[in-house]
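*Asks:* Protein chains in written order, with the numbering used here: chain A, 1 to 365; chain B, 1001 to 1313. In this text, a Cβ means the ideal position worked out from N, Cα and C, and glycines have one as well.
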Amino acid sequence: MARIVIRNLRKDFGDFTAVKSSSFTIEDGEFFMLLGPSGCGKTTTLRMIAGLELPSAGEIWIDNEEVGRKPASERDIAFVFQMFALYPHMNVRRNISYPLKSQGMPRTEIATRVAEVARILGIEDILDKPVGGLSGGDRQRVALGRAIVREPKAFLMDEPLGALDAEFRERMAAELRALHDRMGATTIYVTHDQLEAMQMGDKIVVMNQGRIEQFGMPQEIYDWPATMFVADFIGSPAMNFLRFNGRVDKGASTVSVGESNLKIPLQLQGASGSLALGVRPEHISLCDTGEYRGRVIATEYLGTTQIVILDTAHGTVKARVTSNRSVRPGETVGLAFDPETLTLFDENTGRALLSEANRRVLGHG
Amino acid sequence: MSIFSITEPSGRQKWIAGILVAAYAVITLIPLLWIIATGFKSPSDAIAYPPKVMFDPSLEGYVNLFTTQTRITPDMEATLGEPDTWYERLVREKGMVIAGPSRYGERFLNSVIIGFGSTFLSVFLGTLAAYAFSRFKVPLKDDLMFFILSTRMMPPIAVAIPIFLMYRTLGLSDTHLGMILLYTAVNLSLAVWLLKGFIDEIPREYEEAALIDGYTRFQAFIKVVLPQAATGIASTAIFCLIFAWNEYAFAVLLTSGEAQTAPPFIPTIIGVGGQDWPAVAAGATLFLLPVVIFTILLRKHLLRGITFGAVRK
């Protein structure tokens, strides 16, 4: 297993830059998520690590070797494709054993390894079937089998659950995570599904337009987004932004949003002009006395919680409250924000302003 | 039910369709049946008017096709013993003896060598070129593809005279190699275009998976792309073979002895005292067989091949 270091990696396709100078480190045994909307460069990054694309600039270190110019076949990594890419003219057993054959492994050892992998994945009964007739889940398992049978330095997965039905996806996600924990293999996983990333990842890199927006543990990213893009991309519903014109000084612990004075974490950075106050829906509570007020537009019932959509002086706000609180569309209610969870953003740069609360997460960058 | 849905045709529509198909089959098959039947007629039945539909089948045409014969006098015949084989007896009945084999066998073999040789070469080069055009960044790719196609925009025979002169100078006239090269040159543009269509349809992920699994680009091509392209290769091979097998004009112009193929040879089969139609028909019938057999062998690939591009897996 391996530690993977990416340094100033860049990829140009003609005039278009798919990946702009990215750097991050994947520790040995980590389950690492590359998250972002389609076209953000996450798949290109993964393909460069795999050796399926040549970087335009930058370095890729696997363990202590720079592999940026090495062919894919010599990097000793496994890749799970979104559409699985099982060899259609071979049966399951031959698909799984194919990477071992290229290493010139003796037949008996191949047979042992394939049997072992089939047992782990629970696909012993389909080993001699052609891959054509398999269900999505079985294809996925075969693709995983082909990857793990080699015991490679790292697994790279490009939206491996994207082609599966919703119900199956959750089960496979759990299986994948369990498999990873059992093998302790360094895994890089590309997805555009933020829930999947939060659910499975040890660490997440959020990419947008070829740039790394934030890099950290799921909860750090969720609680303390570094940019408005991350705040908006992660969480369902996304973080609310109260947009206002004003200023906040270094050392301030309140901010004036329109008429209201709201408590915020102690600011370590000041800014003025177009600002946005970010608040997660679950950090808003409804109270009749609240100074900041909004009119209820609609509610969405979600079982134990409900999403209340409100119109305020600074835009639409979604609040997540318990379902037993009854709210009627049209009524005006007070909103209270949990002060310790708030983040201020400078809208011009899109970046979060450093505060006492997010310093631990964002302070280094 | 929308008006765009595909509905089962009614009984009457099926009848009409059936009659049309049958009529088309009759029109296209009658010449073929006539050729096959004539091959089994005696020379007098073959030219009988009105044409004979019912006749006594005879293998005389086939015997004449494969042999050269000499007329003998009754005195000489008396000195010969009883004929050893059925075909000698057949010839003897006409007052002739077999003097030796005819050249049909050689010509047929030439057709096989040149037809399959050029087909193999066209498909081999075509597959490599199509793969490169499909997968790699080739400078001026679109222009090159158009150039390749443009070689088919005029009838090949339009350049017959230059090729004739060129071949004479290069010593390629009337050689197997010359004919294989010529048919390959004509077929290659078709092969590249057809095969590129097929290879474009094969997802790159298969090769990438093979690269990741530790294989080189060439191994991935051989072990993963080629099996996937089998359909396209088979149907391209059939198209190439049909052209090379049936080609007449260049064969007449460029071959006369050594490398002459069957098409220019068949019409020159002359019997004793006039054109030997049964022998000509027999030659044509046998000549049809290799393409038919080749096509039947590859037909399960061909069916999908004809709809190439139209159906995604």
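When we look at the beta-carbon of residue 346 of chain A and count the other beta-carbons within 10 Å, is it buried (16 or more) or exposed?
*Replies:* Translated into the one-based positions of the first sequence, residue 346 of chain A becomes position 346. Here residue 346 of chain A is buried: its Cβ has 16 or more other Cβ atoms, across all protein chains shown, within 10 Å.
*Asks:* At a CB-CB cut-off below 9 Å, which residues of chain A make contact with residue 1208 of chain B?
*Replies:* Numbered from 1 along the second sequence, position 208 holds the residue referred to as residue 1208 of chain B. Near residue 1208 of chain B (Cβ distances below 9 Å), the residues of chain A are 47, 50, 52, 72, 79, 81, 85.
*Asks:* Against chain A, does residue 1224 of chain B count as a neighbour if the rule is that its beta carbon must be under 8 Å from one of theirs?
*Replies:* Your numbering for residue 1224 of chain B matches position 224 in the second sequence. So, interface residue.
*Asks:* Less than 6 Å between C-beta atoms, sequence neighbours within five positions excluded: which residues of the same chain meet that for residue 63 of chain A?
*Replies:* For the purposes of this step, residue 63 of chain A is identified with residue 63 of the first sequence, where counting begins at 1. Cβ within range, chain order: 2.
*Asks:* Which residues, taken in chain order from the stretch 1182-1209 of chain B, show a beta carbon closer than 8 Å to some beta carbon of chain A?
*Replies:* 1203, 1205, 1206, 1208, 1209
*Asks:* Could you compute how far the alpha carbon of residue 219 of chain A sits from the alpha carbon of residue 18 of chain A?
*Replies:* Numbered from its first residue, the first sequence carries residue 219 of chain A at position 219. Numbered from its first residue, the first sequence carries residue 18 of chain A at position 18. Going from the Cα of residue 219 of chain A to the Cα of residue 18 of chain A covers about 27 Å.
*Asks:* For residue 1159 of chain B, is the classification buried or exposed, using 16 other Cβ atoms within 10 angstroms of its Cβ as the cut-off for buried?
*Replies:* Stepping through the second sequence from its first residue, residue 1159 of chain B is reached at position 159. With fewer than 16 other Cβ atoms within 10 Å, it is exposed.
*Asks:* Reducing DSSP to helix, strand and coil, say where residue 1213 of chain B ends up.
*Replies:* In the second sequence, residue 1213 of chain B corresponds to position 213, counting from 1. Of the three classes helix, strand and coil, the one that applies to residue 1213 of chain B here is coil, per DSSP.
*Asks:* Classify residue 1038 of chain B as helix, strand or coil using the three-state DSSP reduction.
*Replies:* Start at 1 with the first residue of the second sequence, and residue 1038 of chain B comes out as number 38. Helix, per DSSP.
*Asks:* With respect to the alpha helix (DSSP H) encompassing residue 1183 of chain B, which residues constitute its N-terminal and C-terminal limits?
*Replies:* In the second sequence, counting from the first residue as 1, residue 1183 of chain B sits at position 183. Where residue 1183 of chain B is concerned, the enclosing alpha helix (DSSP H) stretches over 1176-1201.
*Asks:* Can residue 1090 of chain B and residue 1063 of chain B be called in contact, C-beta distance under 8 Å?
*Replies:* On the second sequence, residue 1090 of chain B is found 90 positions in, with the first residue counted as 1. On the second sequence, residue 1063 of chain B is found 63 positions in, with the first residue counted as 1. In this structure, residue 1090 of chain B places its C-beta atom within 8 Å of the C-beta atom of residue 1063 of chain B.
*Asks:* Starting from residue 98 of chain A, find everything on chain B with Cβ-Cβ shorter than 7 Å and list it in chain order.
*Replies:* For the purposes of this step, residue 98 of chain A is taken as the residue at position 98 of the first sequence. Chain B residues near residue 98 of chain A: 1213.
*Asks:* Between the stretch 299-313 of chain A and the stretch 264-274 of chain A, do three or more beta carbon pairs fall short of 8 Å?
*Replies:* No, they do not touch.
*Asks:* Could you spell out where the alpha helix (DSSP H) holding residue 196 of chain A opens and where it closes?
*Replies:* Looking up residue 196 of chain A in the first sequence gives position 196. Its alpha helix (DSSP H) spans residues 194-200.
*Asks:* Do you know whose CA, among A:9, A:21, A:50, lies nearest residue 1214 of chain B's CA?
*Replies:* What you label residue 1214 of chain B is simply residue 214 of the second sequence in a count that begins at 1. Checking every option, the nearest Cα to that of residue 1214 of chain B belongs to A:50.
*Asks:* Residue 184 of chain A and residue 330 of chain A: beta carbons closer than 8 Å?
*Replies:* As a first step, residue 184 of chain A is located in the first sequence; it is residue number 184 there, counting from the start. As a first step, residue 330 of chain A is located in the first sequence; it is residue number 330 there, counting from the start. In this structure, residue 330 of chain A does not lie closer than 8 Å to residue 184 of chain A by Cβ.
*Asks:* Should the stretch 194-209 of chain A be regarded as contacting the stretch 332-341 of chain A, the criterion being three or more beta carbon pairs within less than 8 Å?
*Replies:* Below 8 Å, too few C-beta pairs join the stretch 194-209 of chain A and the stretch 332-341 of chain A to call them touching: fewer than three.
*Asks:* Where residue 216 of chain A and residue 75 of chain A are concerned, what is the direct C-alpha to C-alpha distance, given to the nearest angstrom?
*Replies:* If you number the first sequence from 1, residue 216 of chain A lands on position 216. If you number the first sequence from 1, residue 75 of chain A lands on position 75. Approximately 26 Å, taken between the alpha carbons.
*Asks:* With 16 other CB atoms within 10 Å as the buried threshold, where does residue 116 of chain A fall?
*Replies:* Indexing the first sequence from 1 puts residue 116 of chain A at position 116. It counts as exposed.
*Asks:* So who's on the other strand from residue 336 of chain A, going by DSSP bridges?
*Replies:* Reading the first sequence from its first residue, position 336 is the one you call residue 336 of chain A. Residue 336 of chain A pairs with A:285.
*Asks:* Count the CB pairs spanning the stretch 1064-1072 of chain B and the stretch 1023-1036 of chain B that are closer than 8 Å, and state whether there are at least three.
*Replies:* no
*Asks:* In this structure, how does DSSP classify residue 1055 of chain B when only helix, strand and coil are distinguished?
*Replies:* The residue given as residue 1055 of chain B occupies position 55 in the second sequence. Residue 1055 of chain B falls in the coil class under three-state DSSP.
*Asks:* Got a sec: which bits of the stretch 151-173 of chain A sit with their beta carbon under 8 Å from any beta carbon on chain B, in order along the chain?
*Replies:* none
*Asks:* Are the C-beta atoms of residue 265 of chain A and some chain B residue less than 8 Å apart?
*Replies:* On the first sequence, residue 265 of chain A is found 265 positions in, with the first residue counted as 1. No, no contact with chain B.
*Asks:* Taking residue 242 of chain A and residue 315 of chain A to be in contact with their CB atoms under 8 Å, please state how far apart those CB atoms are, rounded to whole angstroms.
*Replies:* Residue mapping note: residue 242 of chain A aligns to position 242 of the first sequence, counting from 1. Residue mapping note: residue 315 of chain A aligns to position 315 of the first sequence, counting from 1. Sure, about 6 Å apart at Cβ, within 8 Å.
*Asks:* Applying a beta-carbon distance threshold of less than 8 Å, which residues of chain B neighbour residue 103 of chain A?
*Replies:* Looking up residue 103 of chain A in the first sequence gives position 103. By Cβ distance, chain B contributes 1214.
*Asks:* Quick one: grab the DSSP three-state call for residue 1028 of chain B.
*Replies:* Position 28 of the second sequence, counting from 1, holds the residue named residue 1028 of chain B. Helix, per DSSP.
*Asks:* For residue 130 of chain A, list the residues DSSP reports as bridge partners.
*Replies:* If you number the first sequence from 1, residue 130 of chain A lands on position 130. According to DSSP, residue 130 of chain A bridges with A:91.
*Asks:* Between residue 7 of chain A and residue 55 of chain A, is the Cβ-Cβ spacing less than 8 Å?
*Replies:* Along the first sequence, read from residue 1 onward, the residue named residue 7 of chain A stands at position 7. Along the first sequence, read from residue 1 onward, the residue named residue 55 of chain A stands at position 55. Cβ atoms of residue 7 of chain A and residue 55 of chain A: not closer than 8 Å.
*Asks:* The beta strand (DSSP E) that contains residue 1063 of chain B, what's its start and end?
*Replies:* For this step, residue 1063 of chain B is matched to residue 63 along the second sequence. That residue, residue 1063 of chain B, is in no beta strand (DSSP E); its alpha helix (DSSP H) goes 1060-1066.
*Asks:* Would you kindly report the start and end of the unbroken beta strand (DSSP E) that includes residue 8 of chain A?
*Replies:* Within the first sequence, residue 8 of chain A is the residue found at index 8, counting from 1. That run of the beta strand (DSSP E) goes 4-13.
*Asks:* Can you look up residue 1008 of chain B in the DSSP assignment and give me helix, strand or coil?
*Replies:* For this step, residue 1008 of chain B is matched to residue 8 along the second sequence. In this structure, residue 1008 of chain B counts as coil in the three-state DSSP scheme.
*Asks:* Between which two residues does the alpha helix (DSSP H) harbouring residue 140 of chain A extend?
*Replies:* One-based indexing of the first sequence puts residue 140 of chain A at position 140. Where residue 140 of chain A is concerned, the enclosing alpha helix (DSSP H) stretches over 136-148.
*Asks:* Could one say the Cβ of residue 1227 of chain B lies closer than 8 Å to chain A's Cβ atoms, at least one of them?
*Replies:* Looking up residue 1227 of chain B in the second sequence gives position 227. Closer than 8 Å to some Cβ of chain A, the Cβ of residue 1227 of chain B qualifies, so yes.
*Asks:* I need the boundaries of the alpha helix (DSSP H) containing residue 1246 of chain B, first residue and last residue.
*Replies:* Residue 1246 of chain B sits at position 246 when you count from the first residue of the second sequence. Where residue 1246 of chain B is concerned, the enclosing alpha helix (DSSP H) stretches over 1230-1246.
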